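Structure, as structure tokens:
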Amino acid sequence: GQSLEQPSEVTAVEGAIVQINCTYQTSGFYGLSWYQQHDGGAPTFLSYNALDGLEETGRFSSFLSRSDSYGYLLLQELQMKDSASYFCAVRGSSASKIIFGSGTRLSIRP
Amino acid sequence: DGGITQSPKYLFRKEGQNVTLSCEQNLNHDAMYWYRQDPGQGLRLIYYSQIVNDFQKGDIAEGYSVSREKKESFPLTVTSAQKNPTAFYLCASSKTLPSNQPQHFGDGTRLSIL
Chain A
260 GQSLEQPSEV TAVEGAIVQI NCTYQTSGFY GLSWYQQHDG GAPTFLSYNA LDGLEETGRF
320 SSFLSRSDSY GYLLLQELQM KDSASYFCAV RGSSASKIIF GSGTRLSIRP
Chain B
282 DGGITQSPKY LFRKEGQNVT LSCEQNLNHD AMYWYRQDPG QGLRLIYYSQ IVNDFQKGDI
342 AEGYSVSREK KESFPLTVTS AQKNPTAFYL CASSKTLPSN QPQHFGDGTR LSIL
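Residue numbers (my numbering), protein chains in the order written: chain A, 260 to 369; chain B, 282 to 395.
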């Protein structure tokens, strides 16, 4: 089967940096993605890693280590609007089947 | 603008009733998905379809059915066999290849039991 694990909650201070980890178990691997979801809204795509290393997109970066079945999302210069749930997702046994983690709720304090 | 449209936004089901949630996309995506999200939880895959007239069960398919007669449409029926249907239902679509293609989500349908 496939499974993903990520922390259920993370709290950080405005302006700081926070890292959200994700470990996965899949029978195949076509890439790790990250999505953001504000309360009551639809998930929106943030980043994708297929190869090892760091991908940077503005204040957000995502890292992947395929040998460790591990990735993380790094959010810098945190803003209050970054308060949301963040989900990692993998394409595992087939390129079309996408499985999501249970999500990490990020709360930001002033 | 292209996107995914889900309707209705809110839906109420009576005991023993089947209800159908609509999902339409004009992104020309081959793959479409249905997820269920319970309060404070992640997204669980119900069904997905890689191509017209073909679909596969996800992790929680029991009590649900789908069809994919057109590329643009992927309706989900919540049957009376689904005993706990109250949840937020999200439809998504993506290109199948290359595998870095992101999923695009609709705004969801909230289903409740009367």
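A virtual CB, placed ideally from N, CA and C, is assigned to each residue, including glycine.
Given the structure is predicted, the values throughout are model-derived calculations rather than measurements.
Original post:
Using a Cβ-Cβ distance under 8 angstroms, would A343/A count as near chain B?
Top reply: What you label residue 343/A is simply residue 84 of the first sequence in a count that begins at 1. No, A343/A lies away from the interface with chain B (no Cβ there is under 8 angstroms from its Cβ).
Original post:
How many Å lie between G387/B and P289/B at the Cα?
Top reply: Here residue 387/B corresponds to residue number 106 of the second sequence, with the count starting at 1. Here residue 289/B corresponds to residue number 8 of the second sequence, with the count starting at 1. Distance between the alpha carbons of G387/B and P289/B: 11 angstroms.
Subject >> Exposure of N308/A, with buried meaning 16 or more beta-carbon neighbours within 10 Å >> reply: By one-based count along the first sequence, residue 308/A stands at place 49. Under this definition N308/A is a buried residue.
Subject >> Residue range of the beta strand (DSSP E) that includes E296/B >> reply: Working through the second sequence from its first residue, we reach residue 296/B at position 15. No beta strand (DSSP E) contains E296/B, which DSSP labels as neither H nor E.
**OP:** Determine which residues of the region 301-313 of chain B have a Cβ less than 9 angstroms from any Cβ of chain A, and write them out in chain order.
**Re:** D311, A312
Original post:
Thinking C-beta only, is F322/A closer than 8 angstroms to Y331/A?
Top reply: As a position in the first sequence, residue 331/A is number 72, starting the count at 1. As a position in the first sequence, residue 322/A is number 63, starting the count at 1. Cβ atoms of Y331/A and F322/A: closer than 8 angstroms.
**OP:** Please confirm if Y329/B has its CB atom under 8 angstroms from at least one CB of chain A.
**Re:** Along the second sequence, one-based indexing puts residue 329/B at 48. At least one chain A Cβ lies under 8 angstroms of Y329/B.
**OP:** Compare the C-beta of L392/B against all C-beta atoms of chain A and say whether one is closer than 8 angstroms.
**Re:** The residue you call residue 392/B lines up with position 111 of the second sequence. With 8 angstroms as the cut-off, L392/B does not count as an interface residue toward chain A.
Original post:
Leaving out five residues before and five after T377/B in sequence, what residues of the same chain have Cβ atoms less than 7 angstroms from its Cβ?
Top reply: Locating residue 377/B in the second sequence gives position 96, where the first residue counts as 1. These residues qualify, in order along the chain: D311, A312, Q331.
Original post:
Exposed or buried, which one is F355/B when buried takes at least 16 other CB atoms within 10 Å?
Top reply: Numbered from 1 along the second sequence, position 74 holds the residue referred to as residue 355/B. Burial call: buried.
**OP:** Pull up the CB-CB distance for Y329/B and Y314/B, whole angstroms please, since I reckon it's below 8 angstroms.
**Re:** The residue you call residue 329/B lines up with position 48 of the second sequence. The residue you call residue 314/B lines up with position 33 of the second sequence. Going by Cβ atoms, the distance from Y329/B to Y314/B rounds to 5 angstroms, so yes, they are a contact pair.
Subject >> Supposed contact pair L308/B and V359/B - C-beta distance, whole angstroms, cut 8 angstroms >> reply: Position 78 of the second sequence, counted from the first residue, corresponds to residue 359/B. Position 27 of the second sequence, counted from the first residue, corresponds to residue 308/B. About 25 angstroms; that fails the 8 angstroms criterion.
Subject >> Where K351/B sits in the DSSP three-state scheme >> reply: Start at 1 with the first residue of the second sequence, and residue 351/B comes out as number 70. In the structure shown, K351/B sits in a strand (DSSP, three-state: E or B).
Original post:
Using DSSP with H/G/I as helix, E/B as strand and the rest coil, what is K338/B?
Top reply: For this step, residue 338/B is matched to residue 57 along the second sequence. Strand at K338/B.
Original post:
Looking only at C-alpha atoms, which of R325/B, G389/B, T367/B, T301/B sits nearest to F359/A?
Top reply: The residue given as residue 359/A occupies position 100 in the first sequence. Among R325/B, G389/B, T367/B, T301/B, the Cα nearest to that of F359/A belongs to R325/B.
Original post:
Pairing CB atoms from the region 281-290 of chain A with CB atoms from the region 292-302 of chain B, are three or more of them under 8 angstroms?
Top reply: no
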